[in-house]
Amino acid sequence: MNRAVLIALQISVAVVLVLAWQITTTTHLVGNPQDLAFFFSTPGDVVRQIWTWFATGSIWYNLWITLEESILAFLIGAFAALVLGFWFARKPRLGAVFDPYVKGANAMPRVVLAPIFTLWFGLGIWSKVALGFTLVFFIVFFNVVQGVREADKTVLSNARMLGMNERQLLRHVYLPSALSWVFSSLHTSIGFAVVGAVVGEYLGSAAGLGYLIQQAEGMFDVAGVFAGMFVLAAFVIAIDYGVTLIERRLLVWQPQLHGGS
Amino acid sequence: MRAAARAERPDQAVTPRAIGFEGVTIEFGTPGQAVFRAVEGADLSVAAGEFVAIVGPTGCGKSTLLNAAAGLLTPAAGQVRIFGAPLPGLNRDAGYLFQLEALMPWKTALENVAIGLEIAGTPKRAARDQARDWLRRVGLAPFADRYPHMLSGGQRKRVAMAQVLIRDPKIMLMDEPFGPLDAQTRLIMGDLLLRLWQENRKAVLFVTHDLEEAISLADRVVIMSAGPAARIIGDFPINLARPRDVSEIKLMPEFQALHRDIWHMLKSEVLKAYPDLTMGEIS
């Protein structure tokens with residue numbers, strides 16, 4: 060399928076969905092449009108709401124807060140995971156002792172932690188960062204441990220024979236090997252950072268996309284909820300695209316990014 | 118014949134001994150299981166500047182012996198001496214060319230070649246300049262900024278060669294380095310190796326299962342018996358004139374005579390590695 064056809068088809072999916080939505084909520088074809096519009100809002104109202112947010116500029120502050128929380132959650136979570144992951148992988152005995160606790164902590168649904176974090180860190184951004192942290196940390200952590208353990212044995216022996224000491228091995232072999240695993244899960248981990256931020260905002264905050272959605276919901280403003288969801292979706296797609304660009308720069312050495320040459 | 122071959126060893130009193138295996142026995146053991154003895158009582162000397170090839174059947178422990186010389190393995194009995202001194206850990210005088218891919222995939226060809234100097238403290242600019250020069254010597258100057266996956270198998274092997282040689286090791290250990298390459302590339306790599314070695318003679322211990330490759334490259338060919346508990350059973354001097362042309366040398370009558378002699382001994386060992394086949398089916 061060539062690119063133009065693909066994009067045309069992708070756009071037509073949206074057109075069909077919006078058209079169906081429009082017809083359902085403004086004509087008598089399916090049922091009483093007033094009732095349906097209460098539950099589903101109408102495309103026009105949603106667009107008007109999004110337009111208002113951007114025209115007045117009020118959305119930017121909320122977007123910025125969510126972005127800030129996501130980025131902080133990712134950076135802090137990834138850094139902590141990198142340090143602890145290395146420690147675990149290089150000290151197998153330590154890893155074995157803490158293994159059940161790590162698995163147990165990872166199995167915990169993060170939402171139950173939100174009230175605790177609000178109590179500890181208040182209603183500001185840090186309770187959301189903490190929630191995002193708990194999600195990002197484990198993804199990166201397991202990838203780092205895997206990356207260090209799977210570091211190629213021949214490459215390691217070669218690096219040793221070239222004269223590398225432990226510190227140099229860490230920098231030139233183990234770290235790049237671990238990072239390649241971390242980068243390959245970058246989409247997932249950054250996605251989870253956003254999830255942590257938005258869920259945290261939804262559960263109690265004064266700003267952010269999750270806050271907007273929660274406010275609209277509280278007032279049965281369905282158009283506001285849908286508008287928030289669309290902005291959130293666009294936000295996530297934009298971030299994901301940014302990650303793809305970063306990935307292309309950082310992983311030039313990996314064969315699969317070049318169509319398996 | 119064995120005794121005759123041994124008698125012609127180079128005089129060790131004159132040339133210093135780069136590598137000395139003294140009754141080296143190497144065992145592998147996993148707790149709770151019987152110990153596997155890979156190599157038994159290996160005695161072997163490689164003089165400085167001498168090119169020695171070890172040939173033996175598949176799985177006979179050739180690479181194991183090489184790893185002991187590199188210090189990657191510790192012998193269960195006997196010892197390895199490097200320039201007279203017992204090997205304490207990793208062999209810092211040796212460069213090792215591996216059979217498998219050993220380049221760091223996240224570094225370009227240039228970075229891979231320069232790394233050995235950089236970690237030893239050479240300033241980055243100087244290390245890169247030398248690396249560029251080495252890439253030129255192995256014919257890869259235009260590929261300096263390529264990552265390993267963008268190079269062919271033969272090109273990667275040449276980068277690996279430059280990566281090892283740039284450190285100017287006194288000893289080169291080579292573990293079937295050209296094994297994964299196709300026949301023509303192997304000849305070209307053999308010629309390149311001999312040319313580089315001719316410029317700056319190092320002690321080379323070259324492991325291969327290919328007898329033709331061994332004879333065309335080495336000063337001496339050492340034969341190992343089939344494993345387990347493989348021993349060194351033959352030691353043949355190769356008095357073919359240098360410089361040699363690896364692709365032409367096989368046509369010389371002297372080469373063919375040597376090949377016949379050595380193969381005679383090697384064949385019976387190779388067959389031991391395939392106990393389910395009879396002699397008649399192979400020859």
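Sequence order for the protein chains is A and B. For what it's worth, the working numbering labels the leading residue of the first sequence as 60, then goes sequentially. For what it's worth, the working numbering labels the leading residue of the second sequence as 118, then goes sequentially. Ideal Cβ placement from N, Cα and C applies to all residues, glycine included. Please read these numbers as outputs of a predicted model, since none were measured by experiment.
Neighbourhood of residue i by C-beta distance below 6 Å, restricted to the same chain and skipping five residues each side
i       : result
A148(A) : V204, V207, R208
G173(B) : K179, M341
V77(A)  : P102
A343(B) : P174, C177, E386, K389, A390
L271(A) : N121, G287
G250(A) : none
M382(B) : I340, G351
Own chain partners of residue i with C-beta closer than 8 Å, once the 5 adjacent residues on each side are dropped
i       : result
Q313(A) : S239
I136(B) : L161, S162, V163, A186, V197, R198, I199, I288, A320, L322
L182(A) : G263, S264, A265
G146(B) : V152, F153
T142(B) : R154, V156, E157, G158, A159, P192, A193, A194, G195
W179(A) : S186, A189
Buried versus exposed, by CB contacts within 10 Å (16 or more), residue i
i       : result
S400(B) : Reliability fails at S400(B), whose pLDDT of 45 lies under 50, so the model's placement of it is uncertain and the value that follows must be treated cautiously. Exposed is the call here.
K187(A) : buried
N61(A)  : exposed
F98(A)  : exposed
Q69(A)  : exposed
W223(B) : buried
W251(B) : buried
F174(A) : Here residue 174(A) is Pro; the residue named in the question, Phe, does not match the sequence. Exposed.
I305(A) : exposed
V339(B) : buried
P265(B) : buried
V75(A)  : exposed
H325(A) : In this structure chain A extends from 60 to 320, so residue 325(A) is not present and cannot be described.
V363(B) : buried
M167(A) : exposed
E365(B) : exposed
S71(A)  : exposed
D393(B) : exposed
R119(B) : In this prediction, R119(B) scores a pLDDT of 44, lower than 50, which makes its location untrustworthy; the coordinate-derived value is nonetheless stated afterwards. Per the 10 Å Cβ criterion, exposed.
L182(B) : buried
Cβ of residue i within 8 Å of any chain A Cβ
i       : result
I232(B) : yes
I350(B) : no
I236(B) : yes
R275(B) : no
M291(B) : no
H266(B) : yes
A135(B) : no
M221(B) : yes
A401(B) : Residue 401(B) is absent from the model: chain B starts at 118 and stops at 400.
Y409(B) : In this structure chain B extends from 118 to 400, so residue 409(B) is not present and cannot be described.
Other residues of its chain near residue i: CB distance less than 7 Å, five sequence neighbours each side excluded
i       : result
G188(B) : L204, G206, L207, N208
P345(B) : F153, R154, A155
P240(B) : none
Residue i - partner residues in DSSP beta bridges
i       : result
A170(B) : F323(B), V338(B)
L290(B) : Y213(B), L322(B)
T142(B) : A194(B)
D393(B) : DSSP lists no partner for D393(B).
P203(B) : R198(B)
Min CB distance residue i to chain B below 8 Å
i       : result
W240(A) : no
V311(A) : yes
R62(A)  : no
Q41(A)  : Missing from the structure shown is residue 41(A); chain A here goes from 60 to 320 and no further.
R219(A) : yes
G222(A) : yes
P151(A) : no
S243(A) : no
S186(A) : no
T213(A) : yes
Q69(A)  : no
Nearest candidate by alpha-carbon position, reference residue i, set the options
i       : options                            : result
G136(A) : A252(A), V257(A), L268(A), V295(A) : A252(A)
E144(B) : A335(B), P192(B), L183(B)          : P192(B)
D308(B) : K287(B), S162(B), A331(B), Y264(B) : A331(B)
P286(B) : P235(A), M220(A), R226(A)          : M220(A)
T213(A) : L383(B), Q216(B), G256(B)          : Q216(B)
H246(A) : S236(A), V290(A), R307(A)          : R307(A)
P294(B) : F138(B), G166(B), E365(B), G271(B) : G271(B)
E157(B) : M369(B), D262(B), E139(B), E386(B) : E139(B)
Q315(B) : R361(B), A279(B), F372(B)          : R361(B)
V258(A) : A67(A), F197(A), L172(A)           : L172(A)
L282(B) : T302(B), A243(B), V230(B)          : V230(B)
I402(B) : A335(B), L268(B), L190(B), A237(B) : Because residue 402(B) is not part of the residues shown, which for chain B are 118 to 400, the question remains open.
Any non-hydrogen atom of the ligand ZN within 7 Å of residue i CB
i       : result
K150(A) : Judged by which ligands are present, the structure shown has none, so any question about the ligand ZN falls away.
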